[in-house]
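Q: One structure, pasted below without further comment.
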Amino acid sequence: MKVHVYERAWLWAAAVMIAGFLGAVVFSAVVHAVQPPSHMETVDPEKIFEHPDFSNPRVESRDDGSTLVVGVAQMFSFSPDPITVKAGKPVTFRLTSTDVIHGFQVVGTNVNATVIPGYVTQQTVTFSKRGEYLVVCNEYCGLAHHIMQAKVVVE
Ligand SMILES: [Cu+2]
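Count the sequence shown with this note's numbering and you get residues 81 to 235, in order.
Here you go:
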């Protein structure tokens with residue numbers, strides 16, 4: 081079969097690009113450990129309320145001054161609410177969902193996580209400014225999605 085020289089060149093160009101894209105995905109996954117969600121801890125979404133950690137959503141102060149927030153998202157609320165933390169100290173959010181995919185966005189900050197049933201989403205942030213921050217769900221999760229919100233109080 082005779083393939084025109086330009087057609088052959090473009091076939092090779094496409095093959096090189098596909099190999100490059102796949103290589104970038106594999107490189108990111110292996111070298112940078114880029115994996116959805118933020119880390120690979122799983123939980124049984126049907127047994128959240130029997131789970132040793134997530135059965136008790138809470139804000140926990142640690143000895144080093146940091147704060148651990150163990151939170152659960154479900155249609156159409158976040159727990160705990162409000163979340164009271166300290167300014168200038170690291171806050172680690174550990175979140176999971178009991179039902180569908182939710183968002184956890186602290187408006188005006190760089191806290192923006194996708195909360196997926198079956199997985200633990202973890203993000204650490206330090207709030208520099210005191211005040212009240214609105215938390216919204218930014219993944220459409222059902223009819224009352226628009227009222228799904230909570231509050232972070234930074235003292
Ligand atoms: Cu929602």
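Glycine residues also receive a C-beta, built at the ideal position from the N, C-alpha and C atoms.
Values in this document were obtained by computation on a predicted structure and should not be read as measured data.
What residues come near ligand 1, if near means a beta carbon less than 5 Å from any of its heavy atoms?
A: Counting every residue whose Cβ lies closer than 5 Å to a heavy atom of ligand 1, we get Cys217, Cys221, His225 and Met228.
Q: Between the C-alpha atoms of Ala93 and Glu219, what's the straight-line distance to the nearest angstrom?
A: If you take the alpha carbons of Ala93 and Glu219, they lie about 38 Å apart.
Q: Would you give the residue range spanned by the alpha helix (DSSP H) that Ala93 belongs to?
A: Note, Ala93: alpha helix (DSSP H), Val85 to Val111.
Q: Sort Thr201, Cys217 and Val232 by Cα distance to Glu121 and report the nearest one.
A: Ranking the options by Cα distance to Glu121, first place goes to Thr201.
Q: DSSP puts His182 in a beta bridge; with which residues?
A: Val195, per the DSSP bridge assignment.
Q: Pick from Glu235, Gln185 and Glu126: whose alpha carbon is nearest that of Pro170?
A: Checked all of Glu235, Gln185 and Glu126; the closest Cα to Pro170 is Glu235.
Q: If you count every other CB in all the chains shown that lies within 10 Å of the CB of His182, and 16 or more means buried, which is it?
A: Result: buried.
Q: Mind checking which residues open and close the beta strand (DSSP E) that includes Pro170?
A: First-last of the beta strand (DSSP E) with Pro170: Pro170 to Ser177.
Q: For Val150 versus Pro162, is the C-beta spacing smaller than 7 Å?
A: Contact flag unset, no.
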